[in-house]
Each structure stands twice: as C-alpha cells, then as structure tokens.
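I have placed the structure first, in the form of structure tokens, so that the comments after it can refer back to it.
2 protein chains.
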Amino acid sequence: MSLGPIAPPPRLLMGPGPATADPRVLRAMSAQLVGQFDPAMTRTMDETMALYRQVFATTNEHTFLVDGTSRAGIEAALVSLLEPGDRVLVPVFGRFGHLLVEIAERCRAEVHTVEAPWGEVVEAEAVEEAVRRVRPRLLAVVQGDTSTTMLQPLAGIGEVCRAHDVLLYCDATASLGGNPFETDAWGVDAATAGLQKCLGGPSGSAPVTLSPAAVGVIEARKHVEAGIRDPDDLARGTRIASNYLDLAQVMDYWGPRRLNHHTEATTMLYGARECARLLVEEGVEQAVARHRLHGAAMLAGVRGMGLEVFGDVTHKMSNVVAVHVPPGVDADGARAAMLADFGIEIGTSFGPLHGRVWRIGTMGHNARTDAVLTTLACLEQVLRAVGAPVTAGGGVGAAREVYAA
Amino acid sequence: MSLGPIAPPPRLLMGPGPATADPRVLRAMSAQLVGQFDPAMTRTMDETMALYRQVFATTNEHTFLVDGTSRAGIEAALVSLLEPGDRVLVPVFGRFGHLLVEIAERCRAEVHTVEAPWGEVVEAEAVEEAVRRVRPRLLAVVQGDTSTTMLQPLAGIGEVCRAHDVLLYCDATASLGGNPFETDAWGVDAATAGLQKCLGGPSGSAPVTLSPAAVGVIEARKHVEAGIRDPDDLARGTRIASNYLDLAQVMDYWGPRRLNHHTEATTMLYGARECARLLVEEGVEQAVARHRLHGAAMLAGVRGMGLEVFGDVTHKMSNVVAVHVPPGVDADGARAAMLADFGIEIGTSFGPLHGRVWRIGTMGHNARTDAVLTTLACLEQVLRAVGAPVTAGGGVGAAREVYAA
Chain A
1 MSLGPIAPPP
11 RLLMGPGPAT
21 ADPRVLRAMS
31 AQLVGQFDPA
41 MTRTMDETMA
51 LYRQVFATTN
61 EHTFLVDGTS
71 RAGIEAALVS
81 LLEPGDRVLV
91 PVFGRFGHLL
101 VEIAERCRAE
111 VHTVEAPWGE
121 VVEAEAVEEA
131 VRRVRPRLLA
141 VVQGDTSTTM
151 LQPLAGIGEV
161 CRAHDVLLYC
171 DATASLGGNP
181 FETDAWGVDA
191 ATAGLQKCLG
201 GPSGSAPVTL
211 SPAAVGVIEA
221 RKHVEAGIRD
231 PDDLARGTRI
241 ASNYLDLAQV
251 MDYWGPRRLN
261 HHTEATTMLY
271 GARECARLLV
281 EEGVEQAVAR
291 HRLHGAAMLA
301 GVRGMGLEVF
311 GDVTHKMSNV
321 VAVHVPPGVD
331 ADGARAAMLA
341 DFGIEIGTSF
351 GPLHGRVWRI
361 GTMGHNARTD
371 AVLTTLACLE
381 QVLRAVGAPV
391 TAGGGVGAAR
401 EVYAA
Chain B
1001 MSLGPIAPPP
1011 RLLMGPGPAT
1021 ADPRVLRAMS
1031 AQLVGQFDPA
1041 MTRTMDETMA
1051 LYRQVFATTN
1061 EHTFLVDGTS
1071 RAGIEAALVS
1081 LLEPGDRVLV
1091 PVFGRFGHLL
1101 VEIAERCRAE
1111 VHTVEAPWGE
1121 VVEAEAVEEA
1131 VRRVRPRLLA
1141 VVQGDTSTTM
1151 LQPLAGIGEV
1161 CRAHDVLLYC
1171 DATASLGGNP
1181 FETDAWGVDA
1191 ATAGLQKCLG
1201 GPSGSAPVTL
1211 SPAAVGVIEA
1221 RKHVEAGIRD
1231 PDDLARGTRI
1241 ASNYLDLAQV
1251 MDYWGPRRLN
1261 HHTEATTMLY
1271 GARECARLLV
1281 EEGVEQAVAR
1291 HRLHGAAMLA
1301 GVRGMGLEVF
1311 GDVTHKMSNV
1321 VAVHVPPGVD
1331 ADGARAAMLA
1341 DFGIEIGTSF
1351 GPLHGRVWRI
1361 GTMGHNARTD
1371 AVLTTLACLE
1381 QVLRAVGAPV
1391 TAGGGVGAAR
1401 EVYAA
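Protein chains in written order, with our numbering: chain A, 1 to 405; chain B, 1001 to 1405.
This is the structure in structure tokens:
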C-alpha cells in the first residue's frame, strides 16, 4: 500500500455539523508546537481561558478545554460532578438528551427524566414539577439538540434550579456561538461545547466552564495521582471514576499549579483559541445575529421551495433546520446526489427521524449568504431530478427576500 | 483584550516529548474537513487503520484511534477490558506505571504491583512469580517509561501471559516508532500510544490496537447507547463505565457498521494518518534504526561532555536519555537558559527525579544529526556559563564519532 498525503475533496458542509472549518482556524492549527510548560504555551492556555470566558458569557475562573470531542466534555462534567447514587434529572427532547441519560447512568447516578416529544422543547413548569418530585442534585440538559433542531430555553430552568438548590449542567455543543448562551445570567454551573458547530473549527476539543459552586463540588473529590502528588495532597471524598476526565486534576493543570496531567493537545489548543478569537473579534452578539439571519434565510428558502419544516419552529436553533423528505423521495439518495454532483453535504437524522427529515445547517464559517443560496439552488436541482414537486427559483428567491429585508 | 493569531516562538523540542512535529504532519492538519460519513472520510479512517497495523506490527482488524491524548487511549483500554473486581498486575518502574495503577484503580479493579527501582526494568522472572501469585486477568505494563527512560523488555512478559492465560496490555506511548514493538509476535492483546513522541505529531490522538481475544472481552460488554440502538442490540455483560472511552462503541464507529458515537476529530485523524504514513514510507525498521543511531549519538555526546547518565543504560529507550545534573548547577535555571538563549527545550523529570536529572530526547522529526549536534553544542555553553566542569567540544566530538562509525 502506498498512500499520498491527505487530499480531501472540496466540500461545502451544510449538515448539522461538523461544518466547513474557517480556513483561519486550520491555518492556526498548522503552527509549530512549543513545549508543554513553555511560557509561550502556558500563556496560550491563559489566553484561551480568557477568550472562552467571553464565549460563555461568564466570569468563571475555571474555563478551559477538555482534550477530546464534545462528548468528552459532557462526560468530564458529569463524571466529575456526580457521585454514584446521586439523583440527576434530565429533560429529554431528542437523541442528545438520551446521551446525557446514558452517560449519567454510567456514572452510576440515579437518573430521572422529563420528556417532550421530538420536535418540541420541555416546559419550565414540567421541569419544576419534576425537580420538586425527584429532588435531584444535578439537572443536566442539552441546549440545542441537533437531532431535532430544538433549542431548549434555559433561563427558566436556571431559575428553577437556583430556587431548589440544584446544580445545572448544560450541553451547549450544537448551539454555542450561534444562539444566545448566558452562563452567569442564567445560573449555569457547568457548560461544555465543541468546536465543530457554530465555532467554525474541527471536532476534537471541548471548551468547558465551571461555576464556583461546581468547582467546590469537584475539588471536594480531588485525588492527585500517584507519581506526581505532594505529601500534603490528601485524597478527599469519593474518587472521580475517570482519570482522563477528572476535572479536579485538569483544573490543576490549567491553573497556576500547572500540575502535569495529560499532555495538552497543542494543535487542538491552537484551533480552539483561534475559534474563540475570531468569535470575540466579530463580537459574540454579532455572531449570534449572523446565525439568526442566515438561519432565517435558509428557513424561508426551504419553505419557498415547497418543503415542509419539522418541529416547533418557534423553538428552533438558528443554525439548523430539519425539513420533511417529500413523499416518494429516497432521502439518502438525494443526499448522495447533493454530495456527488454539487459537493454539498446535508444531513439525515437519528432514530425515529432517520430517512424522514434532512437537516440543513447554517453554522460557523458557513453562516454566509453564498453558502445558503448555493445550497438552496442545488437542492432544487436534486429534487427536480427525482421528480419531486418544487417551486422553480422559490428557494433562492425566498432567501433573497430575507436578505433584502 | 485584543489578540492576534497564534505565533509560537521557534523552538527545538529536545525534551522527553512532545518533540517538534514534522512540518508535513502539520500541513496535513491544515487540510479542510469533510463530513463525518463522507466516503472520503470513511476511506481516510480505513487507510489510517491499515497504516497503524503496520506501525503496531499486527494483523489486528481493530486498530484505530481514540480521540484524546495518549492517556485517553490508556484509560479506554483499561476501562473497556477491566470489570470491577478484576485482578490486574502492573509492573511499576516509573511514573507511568503508577499511572496504570491509578487508572486501573479508578476502574475498580483489584490492582497488584511488582516494582523495580527507578532506573531499572522489571525482570521477567519477577513478573512470572507475581502472575503465579496474583493470578490476574490482565497484566498492564508501560513499554518505555519516560520518567526514567527505561524500556521494559516485553517478549518474555508476553510469554508469561500466554502461559498463564493472562491478557497483556502495553502502553507504548513513549516508545512506539523509535524502538521495536511487535504486537503479534509478543502476544500483546491491547496496545495504545500517542503521536507526540517518536511518531512526529502533536498530542491529541491515541492509536490503539486490540487482539481478537481483547475484542472478545470488550464485545461481551457491549451496550449500544439509547437514541441510536436497534431493537436487536441487546445489552450484554457489565456495562463499560465510560461512554466516551467505550471501545465496544468506538469499534462500531470505526467498523463497517459505522454506528455514530463521537464525531471523529478530523484534523487529528489527518495528523495521525500522516504520522503513520511517513513512518511506513520510511519503513518502521528504518525509523527504529534512525532513533537508535541518534540516541546513541546523544548518549555518547552527553558522556563526552562529562555528564553522568542516569539508570541502566542497557535498558534505555533509544529516544531519550536522562543525565544527572552536575553538583551545584540549578537544574531548572539551566533548562530556562537553554530555552531563552538557544530556543532549545530539554526536560526535567517527575517525583524523586525532579531537579536531579535532565531528560534529553531524540525522537520523531528531531531524531536528526543537526538537532543532536546543536543541542550538545548549546548545552556545553549553558554549562560553561554557570561554571560547571565540561569538556570543551567533548559532546559534539563524541557524537560525531558515533556518526562517523
């Protein structure tokens, strides 16, 4: 076997993520390494922490990266916060709610759910009722569940959690940077994300922020590992079940003690820093507004083409829309045609929605007019080619109207 | 705060790793993303699996990447192989043996050790005696412990494990690509590594290979997660305590079923593929020989300068040497001078060796004549400047003799 260097085909990634990365992020990731404790490295880590405080809208000191995909961030938060037997409440309104349940169960927590049908969000009243009944230590919720495109309102849930002294964890992977997220204002104790959605980077690094209350819970379980512990590093509380995802140790690595844990993934750090730097340079509010504009254009466009939108659109994330596959159309065949003939990727969904909806994203670097209009133009051609009813020019025309308004 | 793009200072990383990355690996990592299930993506994943089979010297089908640093690979192997209460035997001869103990304990295994003093390796006879006594399910061992530079011989341990029906796991993070590693010939059931040592890449991706026996153990514990499971996905055995590091699910993502788990860290995948591609292009044996040559030159060089080498040199890894800090020299001050005045990083060590030895690496892209000679030339100047006794020209001269031979 003789292989050449990587040469990926040109793609416009308009699915539910990963989206096409911002070329500036990829350039940052080609920078050469420095040593793990080089002053240039620790300064870069500190800068990255400061940038993500702005992204998460928080003053939390403990705002840093977990070296893994967004799912690593979720598990790090849950395994560090939850002790075996702790009660957790999870509002479930799509696949990623199920993922929180799954991970919390593996932490040996006692997991309770409050569910909404796919395509809807959970009412704050239902959450409050469940909190009163379950009396959880932690409420874990997805902000934007890409499987259904729904965006769960969090301000009300934050109030409920504060009123009942419940820690609040949010998975903001799919939504952060493209929809409002207010860690401090909403009373979120722990939030995690990924780079591959609205932040314009590749998967593989999970930004996380922890409130002082969350830090207190985690620090109370600190066990510095053998081989690097000092005599005065007394083990405390129930040891966290993971070493890699032990946020007590990860905080000691990112914090002033700089205690060695993993070897920071320098290239992913460079990428994560650049994602946040570009977002802060644009302005987080401006980026959210940009996602709102292009998401509205895509929504109008798919409707203008004659497609029906899935779910409660008033609670949709800005950055992704799910459309029903027209009757008689082979859902995966049409996606394959988009990819093969136009180099454009759109998504399917999971479980009950697989083959029933397409998910079309407008996120990160691809929340742009040309990306929206090109996708609509090409989707019209694909639908036309398979004989689906489609309004000629209706998609692009409707999107243009949004931009003109 | 207004920050510019990342602009790391030029460094020659001659510590125990990360080493300076091969620029070709960094270029590969600047390639644009493709979608998670794009045919170009799945082909790249398959190519990467095939390349790492050559790197690990194995025919194991299940040879793939864990999305995290080398420590994530270690934990993935241990948490997937070990059930609570399983007996594990860990030969400990440095910090990273303690890390295996630590991680296995967090898996709630019953951990036993057989120890050697730092600077030595563990005798196969001592391992066999411990295996007979403990009757472990798994033996977990570090091949090259960078904390001491020792390279544990594994062929004999593999024989012991086969004779006693014990699974063998090896952490080859620091050694793979720069020292012989024979997964199949030695009877290794699971091995994991990282990119940042002899493979010439950045930290953040953990290659792993699993024997059919290891796969059998892991598959017997498969629980496909809610939200994506089919009705015939029956839960089996004791659920693996981590979701992110659940190798049963990771194998279903890398395998023909392509069952969604995490979103593969595409940029790290590109980097991992390029690391292995370059190694295979050079030839794994040739790369090992190159590390042997430059390691020998560095060893001769530090001795030629008048420095004393730490530990049992007959069992040293090719790619790193530990030298005693001369009496009266400030160990960290000298390292800081190397960095500030010459842009060269050399390492300290952990625990009992911190401040007592420097660790000097010759690995990956930096296993090169110019890197070795430059490091020796500059270290001589740093030692001279602090008044340490040093043989003028002795380091470079001794290294040159190795190259001339």
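Backbone N, C-alpha and C fix where the C-beta goes; we use that ideal spot for every residue, glycine too. Note that the structure is predicted; figures quoted are calculated from it, not measured.
Check: Note down the Cα distance separating residue 1051(B) from residue 164(A), rounded to an integer number of angstroms.; Outcome: 54 Å
Check: Taking the alpha helix (DSSP H) that residue 212(A) falls in, what are its first and last residues?; Outcome: 212-219
Check: Let me know the beta strand (DSSP E) ranges lying completely inside the stretch 65-144 of chain A, each 3 residues or longer, listed in chain order.; Outcome: 87-92, 110-115, 138-142
Check: Could you tell me if residue 1332(B) is buried or exposed, where buried requires 16 or more neighbouring beta carbons within 10 angstroms of its beta carbon?; Outcome: exposed
Check: Whether or not the stretch 289-307 of chain A and the stretch 389-405 of chain A are in contact is what I'm after, with contact meaning three or more pairs of Cβ atoms, one per stretch, closer than 8 Å; do they touch?; Outcome: yes
Check: So, is residue 2(A) buried or exposed, given that buried needs 16 or more other C-beta atoms within 10 angstroms?; Outcome: exposed
Check: Looking only at its chain, what residues have a beta carbon closer than 7 Å to the beta carbon of residue 1403(B), apart from the 5 residues adjacent to it on each side?; Outcome: 1297, 1369
Check: Shortest alpha-carbon distance to residue 1191(B) belongs to which of 1143(B), 1085(B), 1392(B), 1161(B)?; Outcome: 1143(B)
Check: Check the DSSP bridge columns for residue 1169(B) and list the partner residues they point to.; Outcome: 1140(B), 1190(B)
Check: Can you check which of these residues, 1152(B), 1098(B), 1253(B), is closest to residue 1049(B) by C-alpha distance?; Outcome: 1253(B)
Check: Please list the residues of the stretch 1238-1265 of chain B that have a C-beta atom closer than 9 Å to any C-beta atom in chain A, keeping them in chain order.; Outcome: 1239, 1240, 1241, 1242, 1243, 1244, 1245, 1246, 1260, 1261, 1262, 1263, 1264, 1265
Check: Considering only residues of the same chain and omitting the five flanking positions on each side of residue 15(A), which have a CB-CB separation below 8 Å?; Outcome: 345, 346, 347, 359, 360, 361
Check: What residues are listed by DSSP as bridge partners for residue 345(A)?; Outcome: 13(A)
Check: If you follow the alpha helix (DSSP H) that residue 291(A) is part of, which residue opens it and which one closes it?; Outcome: 284-305
Check: Report the residue from 234(A), 376(A), 45(A) whose alpha carbon sits nearest the alpha carbon of residue 303(A).; Outcome: 376(A)
Check: In terms of residues, what are the limits of the alpha helix (DSSP H) holding residue 1053(B)?; Outcome: 1039-1056
Check: Consult DSSP for residue 160(A) and reduce its assignment to one of helix, strand or coil.; Outcome: helix
Check: Write down the C-beta distance between residue 1203(B) and residue 266(A) rounded to the nearest angstrom, noting that I regard them as a contact closer than 8 Å.; Outcome: 6 Å
Check: State buried or exposed for residue 38(A), treating a residue as buried only when at least 16 other CB atoms are found within 10 Å of its CB.; Outcome: buried
Check: At 9 Å on the CB atoms, spell out the chain B contacts of residue 35(A), in chain order.; Outcome: 1011, 1013, 1015, 1018, 1339, 1345, 1347
Check: By the criterion of Cβ-Cβ separation under 9 Å, what are the contact partners of residue 1110(B) in chain A?; Outcome: Residues of chain A passing the Cβ test: none, with the nearest at roughly 15 Å.
Check: With 9 Å set as the bound, which would you pick, yes or no: does the beta-carbon of residue 1281(B) sit closer than that to a beta-carbon of chain A?; Outcome: yes
Check: Terminal residues of the continuous beta strand (DSSP E) containing residue 1361(B)?; Outcome: 1357-1361
Check: Residue 1270(B) versus chain A: which residues are under 7 Å apart at the beta carbon?; Outcome: 6
Check: Would you please state the rounded distance, in angstroms, between the beta carbons of residue 1312(B) and residue 1047(B)? I believe it to be under 8 Å.; Outcome: In fact, because the Cβ distance is near 39 Å, the residues do not count as touching under 8 Å.
Check: Measure the alpha-carbon distance for residue 181(A) versus residue 156(A) and round it to whole angstroms.; Outcome: 13 Å
Check: DSSP on residue 266(A), reduced to helix/strand/coil?; Outcome: helix
Check: Taking only three categories from DSSP, how would you classify residue 176(A)?; Outcome: strand
Check: Residue 1228(B) CB to nearest chain A CB: under 9 Å?; Outcome: yes
Check: Here's the rule I'm using: 16 or more other beta-carbon atoms within 10 Å means buried, otherwise exposed. How should residue 328(A) be labelled?; Outcome: exposed
Check: Find the nearest neighbour of residue 1205(B) within the set 1288(B), 1272(B), 1140(B), judged by alpha-carbon distance.; Outcome: 1272(B)
Check: Could you pull the DSSP bridge partners for residue 206(A) from this structure?; Outcome: 66(A)
Check: Three or more C-beta pairs closer than 8 Å, one from the stretch 77-92 of chain A and one from the stretch 108-117 of chain A: is that the case here?; Outcome: yes
Check: Please report whether the beta-carbon of residue 1023(B) lies at a distance below 9 Å from any beta-carbon of chain A.; Outcome: yes
Check: Go ahead and label residue 1139(B) buried or exposed: buried means 16 or more other beta carbons lie within 10 angstroms of its beta carbon, across all protein chains shown.; Outcome: buried
Check: Counting only Cβ-Cβ distances shorter than 9 Å, please list the residues of the stretch 1046-1069 of chain B near chain A, keeping chain order.; Outcome: 1047, 1050, 1051, 1054, 1066, 1067, 1068, 1069
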